[in-house]
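Have a look at the structure below before the remarks.
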Amino acid sequence: MEMLYKGEQINLNALCSMFLASAKAIITLWEQRVLWGINMCISYDALADDIGNCNVGYSFLADRQNTCSADHDSLAHKFLSNPSTSSHFGVKRNDRMIWDKAALQRWLADYGEFQEQLLLCRETLSGAPGHGMELTPLTLCNTRE
């Protein structure tokens with residue numbers, strides 16, 4: 009099936025293939041290059057957001073009902089307790105971690121690529137015109153006016 013968009017033929021099957029490839033790339037980035045194969049499951053069905061809470065600093069990410077975000081360092085703890093990931097990101101000497109800064113920078117670049125792909129997916133599949141510029145000033149918690 010095809011359609012005409014701004015004078016160009018667009019194959020809808022090719023769009024579906026593109027969206028599927030994008031979703032697979034996001035999953036691969038997340039599971040292999042961000043989480044390094046570590047299993048971290050979060051049940052999104054039970055997330056709480058008190059939309060009536062107007063207090064400065066409130067965020068659903070810090071809502072006490074959301075136990076999944078209670079330990080902000082859970083990924084770091086899992087990385088450090090796993091011998092494979094721990095040795096990739098640094099070495100432990102005299103009970104002190106000596107970080108491999110290049111490995112950390114590569115991980116941050118992979119995380120950035122994951123975020124980029126996620127944003128692209130959100131923009132292309134949202135069904136609305138692009139609003140990427142509106143996301144840059146988006147706050148994650150309530151602020152003062």
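Residue numbers (our numbering): 9 to 153.
Backbone N, C-alpha and C fix where the C-beta goes; we use that ideal spot for every residue, glycine too.
Query, Result
"Pair within 8 Å by beta-carbon distance, Phe97 and Leu83", "no"
"Own chain partners of Leu128 with C-beta closer than 8 Å, once the 5 adjacent residues on each side are dropped", "Ser30"
"Other residues of its chain near Arg41: CB distance less than 6 Å, five sequence neighbours each side excluded", "Asp118"
"For Leu127, the first and last residue of its enclosing beta strand (DSSP E)", "Careful: Leu127 lies outside any beta strand (DSSP E), inside the alpha helix (DSSP H) at Lys109 to Leu133."
"Gln123 and Ala33 closer than 8 Å at C-beta", "no"
"Coarse secondary structure for Asn155, derived from DSSP in three states", "Residue 155 is absent from the structure shown; the chain starts at 9 and stops at 153."
"As assigned by DSSP and simplified to three states, the class of Tyr13", "strand"
"Val64 in three-state terms, based on DSSP", "coil"
"Identified DSSP bridge partners for Ile106", "Val99"
"Status (buried if at least 16 other CB within 10 Å, exposed otherwise) for Thr93", "buried"
"Contact the region 71–82 vs the region 48–57: 3+ CB pairs below 8 Å", "yes"
"Alpha helix (DSSP H) segment containing Leu83, residue limits", "Ser82 to Ser89"
"Residue environment, Phe87, which counts as buried when at least 16 other CB atoms sit within 10 Å", "buried"
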